[in-house]
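All remarks here apply to the structure that follows.
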Amino acid sequence: MKSKLYWYSLGVLFCLFCPRVVAAQTKDNQELQKMYEDDQNARKSPNIDWEVLNKQDSIRQKRVNEFIKEGKIKTGKDYYHSAMIFQHGTDTLASSMAVKQMRRAIEIDSTVNKWLLAAAIDRDLMRRDKPQIYGTQYIRKGENAKWERYTIDTTQVSDKERTYYGVETLTEQKIKEYELNSLPISEVYLKTNSLDEVIKVIKINYEKGTNGTYNVSENAINAFGYSLMNENKNDEALKIFKLNTELYPKGYNTFDSYGECLLKLKQIPEAVKAYKKSLELNPNNKQAKKVIEKYR
Numbered sequence: 089m090k091s092k093l094y095w096y097s098l099g100v101l102f103c104l105f106c107p108r109v110v111a112a113q114t115k116d117n118q119e120l121q122k123m124y125e126d127d128q129n130a131r132k133s134p135n136i137d138w139e140v141l142n143k144q145d146s147i148r149q150k151r152v153n154e155f156i157k158e159g160k161i162k163t164g165k166d167y168y169h170s171a172m173i174f175q176h177g178t179d180t181l182a183s184s185m186a187v188k189q190m191r192r193a194i195e196i197d198s199t200v201n202k203w204l205l206a207a208a209i210d211r212d213l214m215r216r217d218k219p220q221i222y223g224t225q226y227i228r229k230g231e232n233a234k235w236e237r238y239t240i241d242t243t244q245v246s247d248k249e250r251t252y253y254g255v256e257t258l259t260e261q262k263i264k265e266y267e268l269n270s271l272p273i274s275e276v277y278l279k280t281n282s283l284d285e286v287i288k289v290i291k292i293n294y295e296k297g298t299n300g301t302y303n304v305s306e307n308a309i310n311a312f313g314y315s316l317m318n319e320n321k322n323d324e325a326l327k328i329f330k331l332n333t334e335l336y337p338k339g340y341n342t343f344d345s346y347g348e349c350l351l352k353l354k355q356i357p358e359a360v361k362a363y364k365k366s367l368e369l370n371p372n373n374k375q376a377k378k379v380i381e382k383y384r
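Residue 346 in my numbering sits at position 258 of the sequence shown, and the numbers go up by one each step.
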């Protein structure tokens, strides 16, 4: 029996004399915007009924095709939204349309999220039983199997191009594969209700690297810290954020989050110091600039 695959797993004179018509033509398609939002929200549910979702996806794709025939997809966002809807199709017709729509989206608006083009190209190749080239697609060969990066031809695209399209480098992809298969550190906290035990587990798994059992990446630790803050466990959150700055001293966001927690605890001088370090690591951190200016 064949295993199921799960993936994780985009005219001047006319303007002068007809300004209202042009404005109408360049306005984002609101119905398509709503369809895109529905598409995204449907995938945030913890218990997805894929049979139902696939039917909803088919309906959305059919409507997008109607928009295309009626000439109602015009702006960069329209093309991006339509590409994302096609991205969630189940055949090569849909995947090729996702690529086509995303190419057009970037031509019209260079500010749209370019990652979707790389993902669309990879998924289209995967649907055609060819190796992906960017490395955006991860699969499981069965419900209980581990996530693994789908076969990739690493010679076609450089890491520089991957970065341009917002895709992880080849090294980062190996780390991502580990993170997809590792356990959240919140599970340790739920089982033990001990922050000391959580900190111990984080340190042990950090030393193990990709051989660890728990996800102790910078983002994972940061997210756990915020989950504690959301429960008003600010003193515990502070310990987690501080640990994150020690494990990832070059991460500007670790110091930003640490500073935010210090502010919440009214530890102003320490917070300003943390934000200054964050700003040093990332001169474009507007939040850090704002806090430093406020308490200057």
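Glycine included, every Cβ here is placed at the ideal spot set by N, Cα and C.
Item to check | Which of helix, strand or coil DSSP assigns to residue 303 | outcome: strand
Checklist entry - At a cut of 8 Å, does the region 169-177 reach the region 147-160 through at least three beta carbon pairs? => result yes
Next on the checklist: Measuring straight from C-alpha to C-alpha, what distance separates residue 123 and residue 138?
Outcome noted: 17 Å
Checklist entry - In or out: residue 237 buried (at least 16 other Cβ within 10 Å) or exposed? => result buried
Checklist entry - With respect to 7 Å, is the separation between the Cβ of residue 231 and the closest non-hydrogen atom of the ligand MN below this value? => result The ligand MN is not part of the structure shown, which contains no ligands of any sort.
Checklist entry - Applying the criterion that 16 or more other CB atoms from any shown protein chain within 10 Å of the CB defines a buried residue, is residue 284 buried or exposed? => result exposed
Checklist entry - At a cut of 8 Å, does the region 327-343 reach the region 365-375 through at least three beta carbon pairs? => result yes
Next on the checklist: Quick check on this structure: which residue in 142, 202 and 143 has the alpha carbon closest to the alpha carbon of residue 167?
Outcome noted: 202
Next on the checklist: Can you give me the C-alpha to C-alpha distance between residue 387 and residue 130, rounded to a whole angstrom?
Outcome noted: Residue 387 is absent from the structure shown; the chain starts at 89 and stops at 384.
Checklist entry - Per DSSP, what kind of secondary structure is residue 353 in: helix, strand or coil? => result coil
Checklist entry - With 16 as the cutoff for other CB atoms within 10 Å, does residue 117 come out buried or exposed? => result buried
Checklist entry - So, helix, strand or coil for residue 240, using DSSP? => result strand
Next on the checklist: Checking 8 Å against the spacing of the C-beta atoms, do residue 287 and residue 309 come in under that value?
Outcome noted: no
Item to check | Buried versus exposed, by CB contacts within 10 Å (16 or more), residue 386 | outcome: Here the chain covers residues 89 to 384 and nothing more, so residue 386 does not appear.
Checklist entry - Under the rule that 16 or more other beta-carbon atoms within 10 Å means buried, what is residue 227, buried or exposed? => result buried
Checklist entry - Is it true that the region 317-326 meets the region 297-309, where meeting means three or more beta-carbon pairs spaced less than 8 Å apart? => result no
Item to check | Under the three-state DSSP convention, the category residue 226 falls into | outcome: strand
Next on the checklist: Less than 8 Å between C-beta atoms, sequence neighbours within five positions excluded: which residues of the same chain meet that for residue 352?
Outcome noted: 317 and 322
Checklist entry - Would a C-beta distance cut-off of 8 Å place residue 290 and residue 331 closer than the cut-off? => result yes
Checklist entry - When we look at the beta-carbon of residue 375 and count the other beta-carbons within 10 Å, is it buried (16 or more) or exposed? => result exposed
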